[in-house]
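Colleague: So my numbering is basically just the index in the sequence shown, starting at one, shifted up by 232. What follows is a single structure, and I will ask about it in a moment.
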Amino acid sequence: MKLHTQLVQFDAAPLDPFGPTATPVYQTATFEQENPEQFGRYDYSRSGNPTRDVLQKQLARLEHATHGFAFASGLAGITAVLGLLSAGDEVVAGDDLYGGTFRLFGQIAPRRGLTVRYGDPTEPEAFAELIGPKTRLVHVETPTNPLLRIVDLARLSAAVRRRAAKLGIDAPIISVDNTLASPYLQNPLDHGADVVVHSATKALCGHADVTAGAVCCSREEIAKQIAFIQNAEGAGLGPQDCFLLLRGIKTLGVRIDRQQQTAAALAEELAETRGVEAVYYPGLSGHAGREVHAAQSRGPGSIISLRLGSRERAVAVAKALELFPTTVSFGSVSSSVCFPAAMSHASVPRELRARVAPPEDLLRLSIGLEDVDDLRADLRQAIERADAIGQTRLITCSTGKRTLASLPNGSSAAR
Ligand SMILES: *Cc1c(COP(=O)(O)O)cnc(C)c1O
Numbered sequence: 233m234k235l236h237t238q239l240v241q242f243d244a245a246p247l248d249p250f251g252p253t254a255t256p257v258y259q260t261a262t263f264e265q266e267n268p269e270q271f272g273r274y275d276y277s278r279s280g281n282p283t284r285d286v287l288q289k290q291l292a293r294l295e296h297a298t299h300g301f302a303f304a305s306g307l308a309g310i311t312a313v314l315g316l317l318s319a320g321d322e323v324v325a326g327d328d329l330y331g332g333t334f335r336l337f338g339q340i341a342p343r344r345g346l347t348v349r350y351g352d353p354t355e356p357e358a359f360a361e362l363i364g365p366k367t368r369l370v371h372v373e374t375p376t377n378p379l380l381r382i383v384d385l386a387r388l389s390a391a392v393r394r395r396a397a398k399l400g401i402d403a404p405i406i407s408v409d410n411t412l413a414s415p416y417l418q419n420p421l422d423h424g425a426d427v428v429v430h431s432a433t434k435a436l437c438g439h440a441d442v443t444a445g446a447v448c449c450s451r452e453e454i455a456k457q458i459a460f461i462q463n464a465e466g467a468g469l470g471p472q473d474c475f476l477l478l479r480g481i482k483t484l485g486v487r488i489d490r491q492q493q494t495a496a497a498l499a500e501e502l503a504e505t506r507g508v509e510a511v512y513y514p515g516l517s518g519h520a521g522r523e524v525h526a527a528q529s530r531g532p533g534s535i536i537s538l539r540l541g542s543r544e545r546a547v548a549v550a551k552a553l554e555l556f557p558t559t560v561s562f563g564s565v566s567s568s569v570c571f572p573a574a575m576s577h578a579s580v581p582r583e584l585r586a587r588v589a590p591p592e593d594l595l596r597l598s599i600g601l602e603d604v605d606d607l608r609a610d611l612r613q614a615i616e617r618a619d620a621i622g623q624t625r626l627i628t629c630s631t632g633k634r635t636l637a638s639l640p641n642g643s644s645a646a647r
């Protein structure tokens, strides 16, 4: 079955006697047992729920995995992956990660006796050198959020295994956060990863109305552990949210196709726009890692980051945008803008800030389903307006008394 078919054709309600076409929300905590001495198929929704099972099966299928697990959030999923480790173990992580992952690795992992070391996974061989005898987990994102850096997953996996062989240790588990691409565009397990994690809050949900996470894998011993952790720690996703996620996933393909088409057009135009200093989008010629991304994915996606020269201008543009409300998160049907330096990435550890913190003039755009002409016009007016503000400030500083009305282009900078 092809991907678009898989997204809408699946067993929506196994074991249900009425043959519903949509998965019922089994909104129940408990299931009656036929026999006090024996559990049935389901007993308690923390341990297992039919709505969640349908979702988990679908997640696994989309990620080319044998097992999928749905969690209360992306971070709950990554926490479950950390649960595969024991005190004394080490993690080697990419140095360009979602801010909340940095917080988890920096402030929770140490309390569990784990050490995390960071390196640049876009140089897989040097990155793999960070692996030591106690390294049990390697965790990276590609494309990264928000700089859209690309990690060559096959090369990373080969380098990690070579390094482990050299040290005479079991190869660490390679976990890839596939949130930015979504399983519609990229399947890390096909390129040597052992575990894929998602913030399903983003593209998988697609409507910004659920927080959820996914963990997918094909190695039986890892799957058993994640299933155990999901039940033992109790961070599995509730049935109502599973239902919403199942519904969102049905349109993942048409959403991403359309959002990506708009994003590609806007990225090209932004790259040519005066006042835009840099555009990061894996589909743009000249984007570092573009060929690698093209080889390991099915498209550049719907997230664009751009630099506007100064923090002030970035903030001014974000404020001036009318169709891009300022929100954290991305991947929804409606567009949004994020100022990562102060929002999603406020938790980048101090020691990494100089190297990997998002630049202060960076905005991240999430492109939705709006008409491309409306988005284009909105971006234009916002950048022009910010320009006008910039010029005003410049003029005011240099002459001390020129006013808004005297702007050369007579624009309405005062709004
Ligand atoms: C949002 C995000 C997360 C965290 O997911 P939550 O659902 O917010 O817990 C993890 N990784 C990436 C890349 C994200 O964008």
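Where a beta carbon is used, it is the ideal one built from N, C-alpha and C, also for glycine. Quick caveat, the model's predicted, so the values are computed rather than measured.
(1) If you drop the 5 nearest sequence neighbours on each side, which residues of the same chain put their C-beta closer than 7 Å to that of A403?
(2) Does the beta-carbon of L412, which I'm using as the reference point, lie nearer than 7 Å to any heavy atom of ligand 1?
(3) To which residues of the same chain is V565 closer than 7 Å at the C-beta, ignoring the five residues directly before and after it?
(4) Consult DSSP for D409 and reduce its assignment to one of helix, strand or coil.
(5) Per the DSSP calculation, A510 is bridged to which residue(s)?
(6) Considering Cα atoms alone, identify which of D409, T354, G345 and A358 is closest to E373.
(7) Residues in its own chain within less than 6 Å of L502 by CB, not counting five upstream and five downstream?
(8) Looking at E175 and ligand 1, is the gap between the Cβ and the nearest heavy atom below 7 Å?
(9) What I want to know is whether the C-beta of S567 ends up closer than 7 Å to one or more non-hydrogen atoms of ligand 1.
(10) If you reduce the DSSP assignment to three classes, tell me which class H299 lands in.
(11) Within its chain, find whatever has a CB closer than 7 Å to the CB of A261; leave out the 5 residues flanking it on each side and keep chain order.
(12) How would you write the range of the beta strand (DSSP E) that H439 sits in, first residue to last?
(13) Would you kindly work out how many angstroms separate the C-alpha atoms of P365 and P581, rounded to a whole number?
(14) I'd like to know if the segment 375 to 385 and the segment 340 to 347 are in contact, where contact means that at least 3 CB-CB pairs between them fall below 8 Å.
(15) Since V549 and I615 are thought to touch, with beta carbons under 8 Å apart, how far apart are those beta carbons, to the nearest angstrom?
(16) Verify the contact flag: D593, CB atom, against every heavy atom of ligand 1, threshold strictly below 7 Å.
(17) Going by other Cβ atoms of all chains shown within 10 Å of its Cβ, with 16 needed for buried, is H423 buried or exposed?
(18) Regarding L307 and ligand 1, is the C-beta to nearest heavy atom distance less than 7 Å?
(19) Taking Cβ positions, are P590 and Q259 nearer each other than 8 Å?
(20) What do you reckon, is the C-beta of S529 under 7 Å from a heavy atom of ligand 1?
(21) What residues match up with N267 in a beta bridge as DSSP calls it?
(22) Would you mind working out which of E504, V323, F303 and Y416 sits nearest L239, comparing C-alpha positions?
(23) Under the criterion of a Cβ to heavy atom distance below 7 Å, does G466 qualify as lining ligand 1?
(24) Identify every run of the beta strand (DSSP E) within the segment 522 to 593, keeping only runs that are complete inside it and at least 3 residues long; order them along the chain.
(25) Using a Cβ-Cβ cut-off of 8 Å, state whether E361 counts as contacting chain B.
(26) Could you check if D243 is buried or exposed, using at least 16 other CB atoms within 10 Å of its CB as the buried criterion?
(27) So T283 and G521 are in contact, right, with Cβ under 8 Å, and what is the actual spacing, rounded?
(28) How many angstroms separate the CA atom of L235 from the CA atom of N267?
(29) Go through its chain and collect everything with a Cβ distance to S389's Cβ below 8 Å, but skip five positions before and after it.
(30) Mind checking E295: buried by the 16 CB within 10 Å criterion, or exposed?
(31) Along the chain, which unbroken stretches of the beta strand (DSSP E) at least 3 residues long are found entirely within the segment 321 to 351?
(32) Check each candidate in A432, T311, L595 and C448 and name the one with the smallest Cα separation from G465.
(33) DSSP state of H236, grouped into three classes?
(34) Checking 8 Å against the spacing of the C-beta atoms, do L607 and T494 come in under that value?
(35) Going by DSSP in three states, S389 sits in which element: helix, strand or coil?
Modeller: Looking at the coordinates:
(1) Counting from one through the sequence shown, the residue named residue 403 turns up at place 171. Hits under 7 Å: V392, R393 and A396.
(2) Here residue 412 refers to the residue found at position 180 of the sequence shown. It does: the Cβ of L412 is within 7 Å (strictly closer) of some heavy atom of ligand 1.
(3) Here residue 565 is taken as the residue at index 333 of the sequence shown, counted from 1. Excluding positions up to five away in sequence, the list reads G438, H439, R487, G600 and L601.
(4) Residue mapping note: residue 409 aligns to position 177 of the sequence shown, counting from 1. In this structure, D409 counts as strand in the three-state DSSP scheme.
(5) Here the question's residue 510 lines up with position 278 in the sequence shown. DSSP, once it has assigned bridges, lists R539 as partnering A510.
(6) By 1-based counting over the sequence shown, the position of residue 373 is 141. When only C-alpha atoms are compared, the closest one is D409.
(7) For the purposes of this step, residue 502 is taken as residue 270 along the sequence shown, with counting starting at 1. Hits under 6 Å: V508, V511 and L538.
(8) Because the chain in this structure spans residues 233 to 647, residue 175 falls outside the shown range and cannot be described.
(9) By one-based count along the sequence shown, residue 567 stands at place 335. Incorrect: S567 has no Cβ contact closer than 7 Å to ligand 1.
(10) In the sequence shown, residue 299 corresponds to position 67, counting from 1. Three-state result, H299: strand.
(11) In the sequence shown, counting from the first residue as 1, residue 261 sits at position 29. Y276 and S277.
(12) Start at 1 with the first residue of the sequence shown, and residue 439 comes out as number 207. That residue, H439, is in no beta strand (DSSP E); it is neither H nor E in DSSP.
(13) Against the sequence shown, residue 365 aligns to sequence position 133. Against the sequence shown, residue 581 aligns to sequence position 349. Between P365 and P581, the C-alpha separation is close to 25 Å.
(14) No: fewer than three Cβ pairs fall under 8 Å.
(15) In the sequence shown, counting from the first residue as 1, residue 549 sits at position 317. In the sequence shown, counting from the first residue as 1, residue 615 sits at position 383. The Cβ separation is near 6 Å, so the contact holds.
(16) As a position in the sequence shown, residue 593 is number 361, starting the count at 1. Because no heavy atom of ligand 1 lies under 7 Å away, the Cβ of D593 does not count as near it: no.
(17) In the sequence shown, counting from the first residue as 1, residue 423 sits at position 191. By the 16-neighbour rule on beta-carbons within 10 angstroms, H423 is buried.
(18) Residue 307 sits at position 75 when you count from the first residue of the sequence shown. Yes; taking the cut-off as 7 Å, the Cβ of L307 has a heavy atom of ligand 1 nearer than that.
(19) Start at 1 with the first residue of the sequence shown, and residue 590 comes out as number 358. Start at 1 with the first residue of the sequence shown, and residue 259 comes out as number 27. No. Outside cutoff.
(20) Residue mapping note: residue 529 aligns to position 297 of the sequence shown, counting from 1. No.
(21) The residue given as residue 267 occupies position 35 in the sequence shown. Beta-bridge pairing links N267 to Q270.
(22) Counting from one through the sequence shown, the residue named residue 239 turns up at place 7. Of E504, V323, F303 and Y416, the residue nearest in Cα terms is Y416.
(23) Translated into the one-based positions of the sequence shown, residue 466 becomes position 234. Not under cutoff, so the answer is no.
(24) 535 to 539 and 568 to 570
(25) Reference to chain B is not applicable here, since this structure consists of a single protein chain.
(26) Residue 243 sits at position 11 when you count from the first residue of the sequence shown. Looking at its Cβ environment, which holds fewer than 16 other Cβ atoms inside 10 Å, D243 is exposed.
(27) Taking the first residue of the sequence shown as position 1, residue 283 is located at position 51. Taking the first residue of the sequence shown as position 1, residue 521 is located at position 289. About 38 Å separates the two Cβ atoms, so there is no contact after all.
(28) Numbered from 1 along the sequence shown, position 3 holds the residue referred to as residue 235. Numbered from 1 along the sequence shown, position 35 holds the residue referred to as residue 267. One C-alpha to the other measures close to 42 Å.
(29) The residue given as residue 389 occupies position 157 in the sequence shown. Scanning its chain for C-beta atoms nearer than 8 Å, with the 5 sequence neighbours on each side dropped, one finds around S389 the residues I406, H423, G424 and A425, in chain order.
(30) Residue 295 sits at position 63 when you count from the first residue of the sequence shown. The residue in question, E295, is buried, as its Cβ has 16 or more Cβ neighbours within 10 Å.
(31) 322 to 326 and 347 to 351
(32) The residue given as residue 465 occupies position 233 in the sequence shown. Note on residue identity: the sequence assigns Glu, not Gly, to residue 465. For E465, the nearest C-alpha among the options comes from T311.
(33) Reading the sequence shown from its first residue, position 4 is the one you call residue 236. If DSSP states are grouped into helix, strand and coil, H236 belongs with the helices.
(34) Counting from 1 along the sequence shown, the entry for residue 607 is found at position 375. Counting from 1 along the sequence shown, the entry for residue 494 is found at position 262. Yes, they are a contact pair.
(35) Within the sequence shown, residue 389 is the residue found at index 157, counting from 1. Three-state DSSP puts S389 in a helix.
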